[in-house]
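In UniProt numbering, the protein residues as written are 1 to 299.
Glycine included, C-beta positions come from ideal geometry on N, C-alpha and C.
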Ligand SMILES: NC(=O)c1ccc[n+]([C@@H]2O[C@H](COP(=O)([O-])OP(=O)(O)OC[C@H]3O[C@@H](n4cnc5c(N)ncnc54)[C@H](OP(=O)(O)O)[C@@H]3O)[C@@H](O)[C@H]2O)c1
């Protein structure tokens, strides 16, 4: 089967890392889609428009589609049900239908927020119970993907950081803005997170895609990938400050549940199914975050 991969959301935080990971491997022919940030040879496609989706998929004929584009900010989702329905749900339907017509495998990027966070760790078969509209919309996308073909896959990931275009792009690096400015920052010390480097997810996905082409029957259904470093946003903030020997006394721990859309307490993902198939990568937070933030500290 042709090694042709199409990546949606290739201008986004995770999609960028996935796009670059496949570009590094000459055995793959790679096409990345974007919407408002069309650069680095990305193709502009509005995935909420069914005709545009059909056109790009029937022309490029990918064997693998990594569907990363989504609205992933829980508070934005809460206030924009129509936009979320179009992007997180209907666009997923368009992609899965077009993929089915050419026999392409879809890997849908999902989230640990499909779980309620009351009984970690969650294995791939654990029952989802999203607490907020973002989690519900992503669970809907999972069902569409797996319903379109039993051969399709879902990859759930936790809070992400990686090469950013600006500090507030990631829910992790945004915490560094006040620290860098020497301002007081109040950081949640309640919900438990497992911040994961986008490069690790991208590396793991490329291996999974290779496996899919070699042994398709082993690569279907739900997968998880996460780091195993247990941190609150407060602990991430302290680690970021410490990485650059910055003062931590202005970082104030908030012991209460986060405000806004309800957040699950601890959604630690068990990754056994992925670990049995590929040798994924887990970058230490202290190393990964230092290289991500370095350009901002030098400025
Ligand atoms: N970031 C996290 O912490 C996190 C955690 C768990 C799961 N996830 C999941 O990981 C995936 C990737 O998230 P991310 O952080 O990379 O998101 P992101 O940085 O917000 O990127 C969103 C992407 O969607 C694209 N997009 C938006 N509207 C579009 C449209 N109408 N047509 C085509 N493309 C459109 C954007 O394109 P333009 O920018 O070019 O407009 C961008 O490439 C999502 O499925 C998300 O649910 C993310």
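Under the three-state reduction of DSSP, residue 48 is assigned to coil, being neither helix nor strand.
Straight across, the Cα-Cα distance linking residue 42 with residue 14 is about 15 Å. The beta carbons of residue 128 and residue 114 sit closer together than 8 Å. Secondary structure note for residue 62: it is in no alpha helix (DSSP H), with a DSSP letter that is neither H nor E. With distances taken between CA atoms, residue 84 lies nearest to 69 out of 97, 69, 95, 183.
In this chain, residue 184 is not harboured by any beta strand (DSSP E), its DSSP state being neither H nor E. With a 10 Å radius around the Cβ and a threshold of 16 neighbouring Cβ atoms, residue 297 comes out exposed. In this structure, residue 277 and residue 218 form a Cβ contact; the two beta carbons are roughly 6 Å apart against a cut-off of 8 Å. At a Cβ-Cβ threshold of 8 Å, residue 189 and residue 248 do not count as neighbours.
Restricting attention to alpha helix (DSSP H) runs no shorter than 4 residues, the region 79-109 encloses them at 81-84, 91-102, ordered along the chain. Taking the Cβ atoms as the reference, residue 185 lies roughly 6 Å from residue 179, within the contact range of under 8 Å. Residue pairing by DSSP places residue 188 opposite 254 in a beta bridge.
DSSP links residue 21 through a beta bridge to no other residue. Taking the C-beta atoms as reference points, residue 196 is found nearer than 8 Å to residue 160.
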